[in-house]
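Shown next, in structure tokens, is the structure this report addresses.
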Amino acid sequence: MITGKYPSLRLRRNRKYSWTRRLIRENNLSTNDLILPIFLTDGKNKKSKISSMPGIFRYSVDMLPKVIDKALSNKIPMVAFFPNTKFNKKNNLGTEALNENNLVCNALKLIKNKYKNEIGIMTDVALDPYTSHGHDGLIKKNKILNDETVRILIEQSLLLAEMGSDVIAPSDMMDGRIGEIRKFLDKKKFYNVQLLSYAVKYASNFYGPFRDAVGSKSLLKGDKRTYQMDFANSNEAIREVALDIKEGADFVMVKPGMPYLDIIKSIKDKFKIPVFAYQVSGEYSLIKNGINNKIINHDAIIESLIAFKRAGSCAIVTYFANEVANMLD
Ligand code: PBG
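Following the numbering used here, the numbering of the sequence shown begins with 583 at its first residue and continues without gaps.
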């Protein structure tokens, strides 16, 4: 592969000015690559700070049009809703997930009615924002029940589809849920709802700020290691993706992002399916704090996102979406 050698070959020649660096650039980041997560909260005209995520807020549903207008003007193709459910609405079974007037459903109704198909809306399928124990599934004698949970997740998915969600994203890591959700949506004639499987979701230490944002952090009993993946594993990621593709996923997600670029690359190489990356809350806050404290440059944001493109992901869920859209301008 390598032809020629120094001194006749000097790789620095192609780097000498901006124009030549731009010509040989192998990967690019554009606003088309970005998915913006939005946290929802109860109330009216409310915008509340999230202490562990500087610069990120929770919005009451009536404030959403402003947020969506900004995303649209930044040419962001899709946003994702995450609810901070009031403590008194959480219970052992996470029943608020099936309430057609919960935060996510109200947000879907408002935004789909106002913006039609101008912007994609993605919603999470999992019970953790709704359970009093902070787990993604039902719990019995300290065990997370799989099949019983899936039976609720299919109902949650149907409700989200009925409310107009374009992309349904199961992040719960129960076995078999992609197939069951696809089957149920087909039966109810929602053939065109896309399924974005969080196929490879690790039991990660980088989710802390998100759990703070949706109010599950202090509630969480134990950890999620009996359903989320062991971060020492990579072959298992391939098996998870293979199953989810067979079960009917339209695209798959790897989560967290930056510590798992090897996984993104191997999935892309093997399956040639759209792979999304989730730059999770802990990654966001580390970079953001580094910038705010002048430890790293602002451009570290772009660097962190281009890395996902290089590894093979086609889109990235990132809390930096608006900020980076402005930087790309
Ligand atoms: C839960 C869910 C989590 C995130 C998205 N959906 C957290 C968890 O599994 O505990 C994390 C996102 C982030 O950290 O930014 N279903």
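Where is the CB? At the ideal position from N, CA and C, for every residue including glycine.
- Judged by pairs of C-beta atoms under 8 angstroms, the segment 778-790 does not touch the segment 727-738, as fewer than three such pairs exist.
- For a cut-off of 8 angstroms, the C-beta gap from T900 to L622 is around 18 angstroms, too long to register as a contact.
- In terms of CA proximity to S863, R793 leads the group I721, R793 and R640.
- Here the alpha carbons of E608 and S800 stand approximately 44 angstroms from one another.
- Distances between the C-beta of G761 and the heavy atoms of ligand 1 are all 7 angstroms or more.
- Just so you know, the alpha carbons of N656 and G758 end up roughly 37 angstroms apart.
- Bounds of the beta strand (DSSP E) holding Y860 are V857 to Q861.
- Your pair A897 and I658 does not check out as a contact, with CB atoms roughly 10 angstroms apart and the cut at 8 angstroms.
- Taking the Cβ of D710 as the reference point, at least one heavy atom of ligand 1 falls within a distance shorter than 7 angstroms.
- With contact defined as three or more Cβ pairs closer than 8 angstroms, the segment 816-832 and the segment 743-761 are in contact.
- K696 and P647 do touch by the CB rule: their CB atoms are close to 6 angstroms apart, below 8 angstroms.
- The segment 583-649 contains, as complete alpha helix (DSSP H) runs of 4+ residues, the segments 600-606 (chain order).
- Restricting attention to A743, P636 and G719, the CA atom closest to the CA of D768 is found in A743.
- Non-local beta-carbon contacts of F813 in its own chain, meaning distances under 6 angstroms to residues more than five positions away in sequence, involve Y784 in chain order.
- Under the three-state reduction of DSSP output, K725 falls in the strand class.
- Across the structure, S798 and G716 are spaced so that their CA atoms are roughly 5 angstroms apart.
- Only residues of its own chain outside the window of five on either side were considered, and among them F621, F664, P665, N666, T667, D710 and P711 have a CB closer than 8 angstroms to the CB of V796, listed in chain order.
- Judged by DSSP in its simplified three-state form, Q810 adopts coil rather than helix or strand.
- Shown here for G790: same chain residues with a beta carbon closer than 6 angstroms to its own, the five before and five after excluded, namely G864 in chain order.
- By the Cβ criterion, the segment 840-857 is in contact with the segment 883-897, since at least three pairs of Cβ atoms, one from each stretch, lie closer than 8 angstroms.
- In terms of side-chain proximity, the C-beta atom of S867 is found no nearer than 7 angstroms to any non-hydrogen atom of ligand 1.
- Beta bridge pairing from DSSP links L690 with no other residue.
- For D794, the uninterrupted alpha helix (DSSP H) segment begins and ends at G790 to A795.
- Here M756 carries a coil assignment [DSSP, helix/strand/coil].
- In this structure V643 touches L685 by the C-beta definition: roughly 7 angstroms separates them, less than 8 angstroms.
- Distance from the CA atom of N879 to the CA atom of V732, rounded to whole angstroms, is 44 angstroms.
- When DSSP reads this structure, Q738 sits in no beta bridge, so it has no partner.
- Annotation: the continuous alpha helix (DSSP H) that includes D826 extends over N817 to E829.
- With at least 16 other beta carbons inside 10 angstroms of its own, S848 counts as buried.
- At least one heavy atom of ligand 1 lies closer than 7 angstroms to the C-beta of Y789.
- Taking all protein chains shown into account, I883 has 16 or more neighbouring C-beta atoms within 10 Å of its C-beta and is therefore buried.
- Of the heavy atoms belonging to ligand 1, none sits nearer than 7 angstroms to the Cβ of D757.
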